[in-house]
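A.B. asks: The letter at position 213 of the sequence shown is residue 201 when you use the working numbering, and the numbering goes up by one with no holes.
Yeah, the Cβ is synthetic: ideal placement off N, Cα and C, and Gly gets one too.
What you are looking at is a predicted structure, and each value in this text was computed from that prediction instead of being measured.
Attaching a single structure in structure tokens format; questions to follow.
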Amino acid sequence: MKPSISTPLTNSIITALLISISTLCHAQNLWNKSGDMRKLIDDRFTLAVDQYKYLSKQIPEGETPQSFENNKSVNRDIQWWCSGFYTGNLWYIYEETKDQQIKEEAEKGLKVIMPNQTYTGNHDLGFMMYCSFGNAYRITGKPEYKSIIERSAASLATRYRPEIKAIQSWNKSKYWQCPVIIDNMMNLEMLNWVSDNGGDASYKEIAIAHANTTLKNHFRPDFSSFHVIDYDLKSKSVLRKATWQGAADCSSWSRGQGWALYGYTLMYRSTKNKAYLKQAKGIANFILNHPNLPADKVPFWDFDAQGIPFAKRDASAAAIISSALLELGQYSSIQDKNRFVSAAEAMIRSLSSDAYLAKKGENGGFLLKHSTGAYPLNTEIDVPLIYADYYFLEAMSRYKKWYL
Ligand code: GLY
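And the structure:
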């Protein structure tokens, strides 16, 4: 007869182990509970092929699409901050669908914006050149794209101001001395990438310095962010904490909170500095626990907008936040991961619904409706915007890659 190994102690250890395994398994499956996310995403990419083939025919030579307003397509010159998103969108669509016509259009789009690699007129080079050439290089591996990204990083680095240890966003004007906006966190991705991929190491040092200065001056104790910090280069001090696109200096402009969340998440990706991760989680909690976040999780254009719950929404903010939350989930414990991925999924589902997503042939070829670019300036209110589509496509692509 074999000796029994069953004792009260071993029994309780086995029970505890079984409970932990079952809790873990249960906790691992809180997203895609209805099991339809793959189909939902694939269907949206199929729609994107048709929409973007239509959109590609509405763009005058040498311009890039911005929006569709009053039944007319709106296009801008290539120095506009969003000029890289159109071709970025095409690369995401091509990556998922392998549609050759979309790829040709994406390559054509790159040629249009290529001169931006030497542009130094603002801080938006990361948006313009990394969302476009960054995706093109990631997908095709063509060395010429890498050189263009390196040249663009050099152009962006010219805007670094050692006096304040930050990159100047906009040029001096009657409004500002040396403005730095929270959006600028997004441009750090290109600097990190170039340094992390054999390029000049000083670019990443600039990115880290900028992220640290922003951490110190842009945030309130509840992790919400001001939009613009105006610096004085002579005294190296903060002149003013203000807004440009938000409801008030002290308000929380929704897209700005999205840029902040995405920005500290990407800084953690490249540095593994825990302070950046803590910041990203704090921002995520501010957004997700905010009493003014609507039930469908598509933010009003400002968390403190007048007229909530009737204030305009900003679908672009939801797209940016969902994409960032999916990456943050990769760096989080199982409980936080469940929260972040489930919230991102809810945002993707809302944006994929008839309330926000255009039907084939509608919306000038854009995917998403109901974004708000600059409410106080009375422009781009409740319209499609090229970057809303970009982060929506990116979020769906990330969801498929990481969570299905
Ligand atoms: N970077 C400008 C904006 O988010 O509207």
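Mapping the DSSP letters down to three states, classify Gly244 as helix, strand or coil.
C.D. replies: helix
A.B. asks: Nearest to Asn172 by CA position, among Met255, Gly97 and Lys45, is which residue?
C.D. replies: Met255
A.B. asks: Compute every distance between the C-beta of Asp302 and the non-hydrogen atoms of the ligand GLY, then say whether any falls below 7 Å.
C.D. replies: no
A.B. asks: Give every residue whose Cβ lies closer than 6 Å to any heavy atom of the ligand GLY, listed in chain order.
C.D. replies: Trp69, Asp171, Gln233, Arg243 and Gly361
A.B. asks: In the DSSP output, what is Asn366 paired with across the bridge?
C.D. replies: Per DSSP, none; premise fails for Asn366.
A.B. asks: So, Gly114 versus Leu176, is the Cβ gap smaller than 8 Å?
C.D. replies: yes
A.B. asks: What is the C-beta distance between Asn104 and Ile66, in whole angstroms, given that I count them as a contact (C-beta under 8 Å)?
C.D. replies: 6 Å
A.B. asks: By how many angstroms is the C-alpha of Phe380 removed from the C-alpha of Gly76?
C.D. replies: 12 Å
A.B. asks: Determine whether the beta carbon atoms of Thr360 and Lys300 lie at a separation below 8 Å.
C.D. replies: Yes, Cβ-Cβ distance for Thr360 and Lys300 is below 8 Å.
A.B. asks: What residue from Asp220, Leu365, Arg337 and Gly72 has the CA that sits closest to Ser22's CA?
C.D. replies: Arg337
A.B. asks: Does Phe380 come out as helix, strand or coil in the three-state DSSP assignment?
C.D. replies: helix
A.B. asks: For Glu132, count the other beta carbons within 10 Å of its own beta carbon; 16 or more makes it buried, fewer makes it exposed. Which is it?
C.D. replies: By the beta-carbon neighbour count (other beta carbons within 10 angstroms, threshold 16), Glu132 is exposed.
A.B. asks: For a test of the three-state rule: what should DSSP assign to Thr400, helix, strand or coil?
C.D. replies: One cannot answer for residue 400 here, as it falls past the ends of the chain, which runs -11 to 392.
A.B. asks: Only counting runs of 3 or more residues, tell me where the beta strand (DSSP E) segments fall wholly within the segment 199 to 265, in order along the chain.
C.D. replies: 216 to 220 and 225 to 230
A.B. asks: Quick one: what's got a C-beta closer than 7 Å to Phe328's C-beta in the same chain, skipping five residues either side?
C.D. replies: Same-chain partners within the cutoff: Ala272, Leu313, Leu316, Gly317 and Ser320.
A.B. asks: If you run the structure through DSSP and keep just helix, strand and coil, what is Ala151?
C.D. replies: What sits at residue 151 in the sequence shown is Glu, not Ala. Looking at Glu151 - three-state DSSP - the assignment turns out to be coil, as it is neither helix nor strand.
A.B. asks: Near Asp184, what residues of its chain come up, given a Cβ to Cβ distance below 8 Å and the 5 sequence neighbours on each side ignored?
C.D. replies: Lys192 and Ser258
A.B. asks: Between Ser143 and the rest of its own chain, which residues show a CB-CB distance below 7 Å, the 5 nearest in sequence each way excluded?
C.D. replies: Gln105, Thr106, Tyr107, Thr108 and Leu113
A.B. asks: Where does Tyr378 land, buried or exposed, given buried means 16+ other C-beta within 10 angstroms?
C.D. replies: buried
A.B. asks: Could you work out which residue in Leu373, Trp69, Ile47 and Tyr42 is closest to Gly398 when comparing CA atoms only?
C.D. replies: An answer regarding residue 398 cannot be provided, because it is not within the stretch -11 to 392 covered by the chain.
A.B. asks: Could you check whether Gly122 and Met178 sit closer than 8 Å to each other, using their CB atoms as the reference points?
C.D. replies: yes
A.B. asks: Taking Asn200 as the reference, give the member of Trp232, Ala154, Met174 and Lys389 with the closest Cα.
C.D. replies: Ala154
A.B. asks: Taking the continuous beta strand (DSSP E) assigned at Val62, which residues delimit it?
C.D. replies: Here the beta strand (DSSP E) through Val62 covers Lys60 to Arg64.
A.B. asks: According to DSSP, is Ser385 helix, strand or coil?
C.D. replies: helix
A.B. asks: Rounded to a whole number of angstroms, what is the C-alpha to C-alpha distance between Leu345 and Tyr80?
C.D. replies: 17 Å
A.B. asks: Using a Cβ-Cβ cutoff of less than 6 Å, which residues in the same chain neighbour Met102 once the five nearest sequence positions on both sides are dropped?
C.D. replies: Within the same chain, Met102 has no close Cβ partners at all.
A.B. asks: At what residues does the alpha helix (DSSP H) containing Ile81 begin and finish?
C.D. replies: Phe73 to Thr85
A.B. asks: Determine which residues share a DSSP beta bridge with Phe288 and list them.
C.D. replies: Arg301
A.B. asks: Determine contact between the segment 259 to 268 and the segment 295 to 309, defined as no fewer than three beta-carbon pairs at a distance below 8 Å.
C.D. replies: no
A.B. asks: Would you kindly work out how many angstroms separate the C-alpha atoms of Tyr118 and Gly72, rounded to a whole number?
C.D. replies: 8 Å
A.B. asks: Taking the alpha carbon of Val226 as the reference point, which residue from Pro209, Thr202, Phe211 and Ser212 has its own alpha carbon closest?
C.D. replies: It is Thr202 whose Cα lies nearest to the Cα of Val226.
A.B. asks: Is the segment 277 to 291 touching the segment 241 to 253 in the sense that three or more CB pairs, one from each, lie closer than 8 Å?
C.D. replies: The segment 241 to 253 is in contact with the segment 277 to 291.
A.B. asks: In the DSSP assignment, what are the bridge partners of Phe354?
C.D. replies: In DSSP, Phe354 forms no bridge with anything.
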